[in-house]
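Q:
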Amino acid sequence: MMSHSGEPRPSRICTIAGTDFSRLVLKGQVRITEFADATPNTCTLIVRGTPTMIPVKGQEVIVGLGNITNKLFAGNILTVTRLQSKNTMRFPRYQLECIDYSWQFDWNRVSGLYFTNTDVATIIGTAVAAFAPQFSTSRVVAGMGSIDLQSNHNELLSTLVQRALKAVGGFMLIDYDKIVHGFKVYETDNLPSALTSSNSNFWNFTYEEEVSQVRTRVIVVGGSSTTTAVAAAGATSLAVDDTRL
Numbered sequence: 002m003m004s005h006s007g008e009p010r011p012s013r014i015c016t017i018a019g020t021d022f023s024r025l026v027l028k029g030q031v032r033i034t035e036f037a038d039a040t041p042n043t044c045t046l047i048v049r050g051t052p053t054m055i056p057v058k059g060q061e062v063i064v065g066l067g068n069i070t071n072k073l074f075a076g077n078i079l080t081v082t083r084l085q086s087k088n089t090m091r092f093p094r095y096q097l098e099c100i101d102y103s104w105q106f107d108w109n110r111v112s113g114l115y116f117t118n119t120d121v122a123t124i125i126g127t128a129v130a131a132f133a134p135q136f137s138t139s140r141v142v143a144g145m146g147s148i149d150l151q152s153n154h155n156e157l158l159s160t161l162v163q164r165a166l167k168a169v170g171g172f173m174l175i176d177y178d179k180i181v182h183g184f185k186v187y188e189t190d191n192l193p194s195a196l197t198s199s200n201s202n203f204w205n206f207t208y209e210e211e212v213s214q215v216r217t218r219v220i221v222v223g224g225s226s227t228t229t230a231v232a233a234a235g236a237t238s239l240a241v242d243d244t245r246l
């Protein structure tokens with residue numbers, strides 16, 4: 002693929018359950034939504050099916066740029082919608098709604114874990130090894146703080162990890178290599194890139210600005226009460242009947 006300037010653009014690579022679907026993904030029909038916190042990233046794409054290549058819910062999806070290791074998205078198919086505009090269509094299209102590896106991370110519920118004055122990194126490492134061993138905790142920073150923590154009510158593993166990190170002011174994310182990140186100061190190798198005129202890593206990029214959520218004045222009414230005595234002008238205190246809010 003060539004850009005208008007004559008420079009080559011990296012090709013999009015897509016595999017489903019390890020099978021190369023790159024040529025079957027409809028052009029312009031891949032949408033990836035990413036979030037800065039632990040909210041799962043999502044991907045929507047439309048592919049053409051063949052007699053031997055039909056996507057199935059639960060299968061792993063990886064979208065790469067240039068090669069499959071340069072991942073733009075990785076996760077699993079949650080929903081498969083068959084798009085068949087006419088009954089004579091030989092190879093129907095399929096719309097896939099995908100979610101990142103956070104879905105796999107929470108396959109098993111956590112129960113029976115107790116920690117006393119234990120480093121958060123140790124807590125997370127122990128929990129992940131017991132309930133999601135296919136994930137690594139190599140990017141959970143040690144020494145963020147020690148806490149007491151109990152989990153005995155079949156909670157989501159991601160909830161436990163976030164509780165532990167929140168107790169020390171930390172954050173979590175799961176990357177596309179199934180590595181859990183836990184940190185208090187954002188990692189230097191994951192800092193966002195500034196969207197400036199010198200950043201040429203995007204094409205057909207658009208953005209919009211709107212003011213519907215901008216407020217210039219907010220009026221707040223607090224608690225109220227009744228005065229019990231006359232206050233002189235300039236008085237520094239008021240006698241009221243009830244000071245409860």
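Per the working numbering, the very first residue in the sequence shown carries number 2; after that it's consecutive. Every residue, glycine too, gets a C-beta built ideally from N, C-alpha and C.
Do you know offhand how far I47's Cα is from Q105's?
A: As a first step, residue 47 is located in the sequence shown; it is residue number 46 there, counting from the start. As a first step, residue 105 is located in the sequence shown; it is residue number 104 there, counting from the start. Cα to Cα, the separation comes out at about 22 Å.
Q: Should G146 be counted as a contact of the ligand MN given a C-beta to heavy atom distance under 7 Å?
A: What this structure holds is no ligand at all, so the ligand MN is not there to describe.
Q: What number of angstroms, rounded off, separates the C-alpha of T40 from the C-alpha of V222?
A: For this step, residue 40 is matched to residue 39 along the sequence shown. For this step, residue 222 is matched to residue 221 along the sequence shown. The alpha-carbon atoms of T40 and V222 are separated by roughly 34 Å.
Q: DSSP three-state call for K161: helix, strand or coil?
A: Here residue 161 is taken as the residue at index 160 of the sequence shown, counted from 1. Reading off the sequence shown, one finds Leu at residue 161, where the question assumed Lys. Helix.
Q: Runs of 3 residues minimum, wholly inside the stretch 76–126: which ones carry the beta strand (DSSP E) assignment?
A: Listed in chain order, the complete beta strand (DSSP E) runs (minimum 3 residues) inside the stretch 76–126 are 94–101, 114–120.
Q: In whole angstroms, what separates the C-alpha of T82 from that of E210?
A: One-based indexing of the sequence shown puts residue 82 at position 81. One-based indexing of the sequence shown puts residue 210 at position 209. About 33 Å.
Q: Evaluate contact between the stretch 79–93 and the stretch 122–130, counting only Cβ atoms and requiring at least three cross-stretch pairs below 8 Å.
A: Flag = no, the stretch 79–93 and the stretch 122–130 do not touch.
Q: Determine the burial state of H154: buried for a count of at least 16 other Cβ atoms within 10 Å of its Cβ, exposed for fewer.
A: Residue mapping note: residue 154 aligns to position 153 of the sequence shown, counting from 1. Exposed, since its Cβ has fewer than 16 Cβ neighbours within 10 Å.
Q: Counting only the same chain and skipping the five closest in sequence on each side, list residues whose C-beta sits under 8 Å from that of L158.
A: Reading the sequence shown from its first residue, position 157 is the one you call residue 158. For L158, where only same-chain residues beyond five positions count, the Cβ hits under 8 Å are F106, D107, N109, R110, V111, A128, V129, F132, A133.
Q: From which residue to which residue does the beta strand (DSSP E) around S152 run?
A: As a first step, residue 152 is located in the sequence shown; it is residue number 151 there, counting from the start. That run of the beta strand (DSSP E) goes 147–152.
Q: Could you compute how far the alpha carbon of V215 sits from the alpha carbon of D101?
A: Numbered from 1 along the sequence shown, position 214 holds the residue referred to as residue 215. Numbered from 1 along the sequence shown, position 100 holds the residue referred to as residue 101. Cα to Cα, the separation comes out at about 32 Å.
Q: Roughly how many whole angstroms lie between the Cα atoms of N77 and Q151?
A: In the sequence shown, counting from the first residue as 1, residue 77 sits at position 76. In the sequence shown, counting from the first residue as 1, residue 151 sits at position 150. So the two alpha carbons sit approximately 30 Å from each other.
Q: Among all the DSSP beta bridges, which residues are the ones paired with I14?
A: The residue you call residue 14 lines up with position 13 of the sequence shown. Partner(s): G65.
Q: Quick check on this structure: which residue in T117, T229, V141 has the alpha carbon closest to the alpha carbon of T188?
A: On the sequence shown, residue 188 is found 187 positions in, with the first residue counted as 1. In the sequence on display, residue 188 carries Glu and not Thr. Nearest C-alpha to E188: V141.
Q: In chain order, what residues of the same chain lie with their CB nearer than 7 Å to the CB of L73, ignoring the 5 residues before and after it?
A: As a position in the sequence shown, residue 73 is number 72, starting the count at 1. Closer than 7 Å at Cβ, skipping near neighbours: I33, V64, G65, L66.
Q: I'd like the span of the beta strand (DSSP E) that includes R32, first residue to last.
A: Along the sequence shown, one-based indexing puts residue 32 at 31. Counting along the chain, the beta strand (DSSP E) containing R32 begins and ends at 26–34.
Q: DSSP on T189, reduced to helix/strand/coil?
A: Translated into the one-based positions of the sequence shown, residue 189 becomes position 188. In the structure shown, T189 sits in a helix (DSSP, three-state: H, G or I).
Q: Which partner residues does G183 have in the DSSP bridge list?
A: Here residue 183 refers to the residue found at position 182 when the sequence shown is read from its first residue. Partner(s): V141, M173.
Q: Taking the CB atoms as reference points, tell me whether T45 and L97 lie closer together than 8 Å.
A: Sequence index remark: in the sequence shown, residue 45 carries index 44 (1-based). Sequence index remark: in the sequence shown, residue 97 carries index 96 (1-based). Yes, the Cβ-Cβ distance between T45 and L97 is below 8 Å.
Q: Just the C-alpha distance for F22 and R218, rounded to the nearest angstrom, thanks.
A: Position 21 of the sequence shown, counted from the first residue, corresponds to residue 22. Position 217 of the sequence shown, counted from the first residue, corresponds to residue 218. Distance between the alpha carbons of F22 and R218 is about 53 Å.
Q: For A240 versus T228, is the C-beta distance shorter than 8 Å?
A: As a position in the sequence shown, residue 240 is number 239, starting the count at 1. As a position in the sequence shown, residue 228 is number 227, starting the count at 1. It is a contact, given that the beta carbons lie within the stated cut-off.
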